[in-house]
Amino acid sequence: MKISFWALVMSCLFFLSGFEIVHAESMVAVQAVGVESNESQAVESAKRQAVEKILARFLAPSKDPNSDFQKISARYREFVGGFEITKKQKSNGKISIYSKVQVDAEKIQSTVQSLGKSAQELNEDLEACFLIRVVGSNDNARVYRSCNDSFQRMGFRVVNSDEVLTQIDGDSSSEKFFDRLTQLVYQDFPEITMAVIGEIEVEKSGEDGANSIVHLRAIDMLSRRVIADFQETYRARGSNSDESIMLVLDKSAKNSSETLADKSINYFRKEGSR
Amino acid sequence: MFMATGICSAEVVTGYAAITNGNIETAREQARNNAMRAFVEQEIGVQINSQMDVSMGMVIRDKISKESNGYVKLNRVINEYEEGGIFVSKIDVTASDTLIRIDLRDVKRSLEMLSENSNYSGVAVAVSGRDENGRVEDMARINYYVQDKIQEAGFRTVVNDTVRSYMDRTTDFSNLNVGAEIRRLARTNREAEENALVRGTLNTVDVHSVGSRYVATVNASFELVALDSNYSASFSDYFSAVGRDRFDAIANAEEIAARTASENLGRKALEYEQSKIARGIKTTIVITGISNTDPRAEDILQSLEGLRCKIGRSSFNSRGEFVIAVSAPYTSLEDLRREILRSIPSLHRGIDNETSYSEKLYFSFQ
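Protein chains in written order, with this note's numbering: chain A, 1 to 274; chain B, 1001 to 1366.
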């Protein structure tokens, strides 16, 4: 299977349409539009939107005012460098400001990481182990990379459990697979303190599309409590079905792992030190 | 400022960067950096004469290029423009030959000292590469470079040829069992008592011409694996670079990818090493010959706590072994094993499981 370079790039930018980004090394130029009843409010709205676009690369977007996403977004002025209005437009008593905003992506990334670190200082055993079965694609390493990135960003240490990984089978039903693995980890692998267990199933849909069903659970293995249960379905369309599978796999892994990492951090913050 | 410190070289140099996703500002910064690096490389190049020194020279060039005060001064930007998908930056720079020579000597000396005297664990390195057609590439230069970058972070380093040759033979890195096998090989084929592995693959995903130059894009997928615990950290990204021909473009992209990956994982290795010093090692103790109804199991836990072991979780596994996850303020598993054997008379050294994917301490209860 040969997948075009642009498909790979597209998968990296899947959630980032509408702005320009390469690596979070320093300032990046982001296009944003603010629509408000006066110009100064519209400018502020555009700035915040630009910051949120970059922030979404590191944290799962959330409307909850208590979420880390909203807390960091409220500090948007700290992350804005230059601001340039490219177009103004008035319509129905509202003014739209089209702009190019310079956003300090590195500072946003370190702010997200420092939130994770403070949680890690709270609990020195904050480790995550991923035991995920991918059905319908051989590229399960792609899913693990996404999970690693999301949890590392939140300050988790990632641990491998190759003895469990090599026992992941493709035959049992989802629920049996989940129960068997949870029991196996609980009984045989006391070194695993938190596990993300579950399944991502992908399949081709129509000529060029692909669907996925995601069901992952983050489990505190010390108390055997389910920290978060993530269930979602996704759809993607690429230029061919292989690309679609890859895109839907990326989307499934990224969204689920970011949400689970976010919820796990909040759980351990509430739990405090063990 | 540095003009007073000794002999200087001045030159007009040109740097190139691929414009990715239309981001001109990033491309401009990268093109200027590229020009500065090329200039520094040229300045220190005259003092480099062997393969090992070439990679060391690359590390020194990275260090000098990063530091804004002293070595290289940007006098003025002569000309900057876009050419197809490439950003070109022509700059006038001056370098202090004296400072660069002193730094070259000092960094070389400190790397050599670190190699022999580092208190940190050793790190094995294995980087494999493939061209755009999936053919294995010679990665000796990149392996030396990553080795020196990790060494710069404070570690003793060694190339693990067993792992590297397995990676060269393997094509399906998306298979999780391949990752598990690499980790097992690294644990069972240690070259020099190393406690961690940095392994990576550099795959060229695209090369195309833009005018008279070429742009290559490389995917870097790297992993840091602790060999004395289950800890791992990963790094994965795409990097583009410009070259005078396709090979030059690929080599440049590979170098940027290797540099970014090894700096990222070098930092993580250091954090891990420091956490080991602060919190001790983490491992699993496996004890055979004791049943889950035996009250002496509780005595063993108490004895371990007496040895300042922090018990995470314990259970009787499906094979009837008593398994205990501990973190303990010891510098090596061997030290912990010795202390347990000395202090808990009912425990005897067990038989190590050679096929195990992770390192554990085995005891039998009598």
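Just so you know, even glycine gets a beta-carbon here, dropped at the ideal spot from N, CA and C.
None of these values were measured; they are calculated from a predicted model.
Cβ-based neighbour list, S150 (chain A), same chain, cut-off 6 Å, excluding 5 preceding and 5 following = Taking the first sequence and counting its residues from 1, the one referred to as residue 150 (chain A) is at position 150. Within the same chain, S257, E258 and A261 come within 6 Å of S150 (chain A) by CB-CB distance, once the 5 residues on both sides are set aside.
Let me know if Y1081 (chain B) comes out buried or exposed under the rule of 16 or more other beta-carbons within 10 Å of its beta-carbon.
-> Residue 1081 (chain B) sits at position 81 when you count from the first residue of the second sequence. Under this definition Y1081 (chain B) is an exposed residue.
Report the neighbours of V28 (chain A) on chain B: residues whose CB is nearer than 9 Å to its CB, in chain order.
-> The residue you call residue 28 (chain A) lines up with position 28 of the first sequence. Chain B residues near V28 (chain A): N1023, E1025 and T1026.
Cα-Cα separation between Y144 (chain A) and I1290 (chain B), rounded to whole angstroms = For the purposes of this step, residue 144 (chain A) is taken as residue 144 along the first sequence, with counting starting at 1. For the purposes of this step, residue 1290 (chain B) is taken as residue 290 along the second sequence, with counting starting at 1. Cα to Cα, the separation comes out at about 37 Å.
For L247 (chain A), decide whether its Cβ has a neighbour in chain B, counting only Cβ atoms nearer than 7 Å.
-> For the purposes of this step, residue 247 (chain A) is taken as the residue at position 247 of the first sequence. False, the Cβ-Cβ gap to chain B never drops below 7 Å.
Exposed or buried, what is F177 (chain A) when buried is set at 16 or more other beta-carbons lying within 10 Å of its beta-carbon?
-> For this step, residue 177 (chain A) is matched to residue 177 along the first sequence. By the 10 Å Cβ count, F177 (chain A) comes out buried.
Starting from I1277 (chain B), trace the beta strand (DSSP E) both ways and give me its first and last residue.
-> Translated into the one-based positions of the second sequence, residue 1277 (chain B) becomes position 277. Note, I1277 (chain B): premise wrong, no beta strand (DSSP E); alpha helix (DSSP H) at R1246 to R1279.
Along chain A, in chain order, which residues have C-beta atoms closer than 8 Å to that of G1312 (chain B)?
-> One-based indexing of the second sequence puts residue 1312 (chain B) at position 312. Listed along chain A, the residues sitting closer than 8 Å to G1312 (chain B) by beta-carbon distance are D125, P190, E191, T193 and L222.
Establish whether the CB of S172 (chain A) and some CB of chain B are separated by less than 7 Å.
-> In the first sequence, residue 172 (chain A) corresponds to position 172, counting from 1. Residue-level contact check: S172 (chain A) does not touch chain B, since none of the beta carbons of chain B fall below 7 Å from its beta carbon.
Residue span of the beta strand (DSSP E) that contains C147 (chain A), given as start and end | Walking along the first sequence from the start, residue 147 (chain A) turns up at place 147. If you look at C147 (chain A), you'll find it isn't in any beta strand (DSSP E); it sits in the alpha helix (DSSP H) that goes N140 to R153.
Would a check of beta-carbon distances place N1230 (chain B) closer than 7 Å to chain A?
-> Position 230 of the second sequence, counting from 1, holds the residue named residue 1230 (chain B). At least one chain A Cβ lies under 7 Å of N1230 (chain B).
Name the chain E residues whose beta carbon is nearer than 8 Å to that of A1269 (chain B)?
-> Structure shown: chain E not included; protein chains present are A and B.
CB L1270 (chain B) to CB L1224 (chain B), shorter than 7 Å?
-> Residue 1270 (chain B) sits at position 270 when you count from the first residue of the second sequence. Residue 1224 (chain B) sits at position 224 when you count from the first residue of the second sequence. No. Outside cutoff.
Classification of K270 (chain A) by the beta-carbon crowding that lies within 10 angstroms, buried from 16 upward = Within the first sequence, the letter at position 270 stands for residue 270 (chain A). Flag for K270 (chain A) reads exposed.
Candidates B:A1233, B:A1251 and B:I1064: which alpha carbon is nearest S146 (chain A)'s?
-> Mapped onto the first sequence, residue 146 (chain A) falls at position 146. Nearest Cα to S146 (chain A) within the set B:A1233, B:A1251 and B:I1064: B:A1233.
Boundaries (first-last residue) of the beta strand (DSSP E) holding R235 (chain A) | Locating residue 235 (chain A) in the first sequence gives position 235, where the first residue counts as 1. In the DSSP annotation of this structure, the continuous segment of the beta strand (DSSP E) that includes R235 (chain A) starts and ends at R225 to R237.
Report the residue from B:A1253, B:S1364, B:D1237 and B:R1267 whose alpha carbon sits nearest the alpha carbon of L1341 (chain B).
-> In the second sequence, counting from the first residue as 1, residue 1341 (chain B) sits at position 341. Answer by Cα proximity: B:S1364.
Taking the DSSP output, what are the residues bridged to T1283 (chain B)?
-> Looking up residue 1283 (chain B) in the second sequence gives position 283. Beta-bridge pairing links T1283 (chain B) to B:V1326.
Going by the CB atoms, is the gap between A50 (chain A) and V101 (chain A) shorter than 7 Å?
-> As a position in the first sequence, residue 101 (chain A) is number 101, starting the count at 1. As a position in the first sequence, residue 50 (chain A) is number 50, starting the count at 1. With respect to the 7 Å criterion, V101 (chain A) and A50 (chain A) are classified as neighbours on the basis of their beta carbons.
Distance, Cα to Cα, V33 (chain A) vs F1239 (chain B)?
-> Position 33 of the first sequence, counted from the start, is the residue given in the question as residue 33 (chain A). Position 239 of the second sequence, counted from the start, is the residue given in the question as residue 1239 (chain B). F1239 (chain B) has its alpha-carbon roughly 30 Å from the corresponding atom of V33 (chain A).
Return the chain-ordered list of same chain residues with a C-beta closer than 6 Å to the C-beta of N1252 (chain B), the five sequence neighbours on each side being excluded.
-> Mapped onto the second sequence, residue 1252 (chain B) falls at position 252. Within the same chain, Cβ atoms closer than 6 Å to the Cβ of N1252 (chain B) are found at A1241 and G1243, the five residues on either side in sequence being excluded.
Any residues in the stretch 137-154 of chain A with a beta carbon nearer than 8 Å to a beta carbon of chain B? Which ones, in chain order?
-> Those residues of the stretch 137-154 of chain A that come within reach of chain B (Cβ to Cβ, closer than 8 Å) are N138, D139, N140, A141, R142, Y144, R145, N148, D149 and Q152.
Reference I168 (chain A); option with closest CA among A:P190, A:D179 and A:A29 | Reading the first sequence from its first residue, position 168 is the one you call residue 168 (chain A). Nearest option by C-alpha distance: A:D179.
Is the number of C-beta pairs between the stretch 1034-1043 of chain B and the stretch 1010-1023 of chain B that are closer than 8 Å three or more?
-> In short, these stretches touch, since the Cβ pair count reaches three.
In terms of residue numbering, what span does the beta strand (DSSP E) encompassing S91 (chain A) cover?
-> Here residue 91 (chain A) refers to the residue found at position 91 when the first sequence is read from its first residue. Membership of S91 (chain A) in the beta strand (DSSP E) is indicated by the continuous run V80 to S91.
Go through its chain and collect everything with a Cβ distance to E1339 (chain B)'s Cβ below 8 Å, but skip five positions before and after it.
-> Position 339 of the second sequence, counted from the start, is the residue given in the question as residue 1339 (chain B). L1307 and Y1330.
Of all the CB atoms in chain B, is at least one closer than 7 Å to the CB of R237 (chain A)?
-> What you label residue 237 (chain A) is simply residue 237 of the first sequence in a count that begins at 1. Cβ-Cβ to chain B under 7 Å: no for R237 (chain A).
At least one CB of chain A closer than 7 Å to the CB of V1323 (chain B): is that the case?
-> Within the second sequence, numbered from 1, the residue matching residue 1323 (chain B) stands at position 323. Among the residues facing chain A, V1323 (chain B) is included, as its CB has a counterpart in that chain under 7 Å away.
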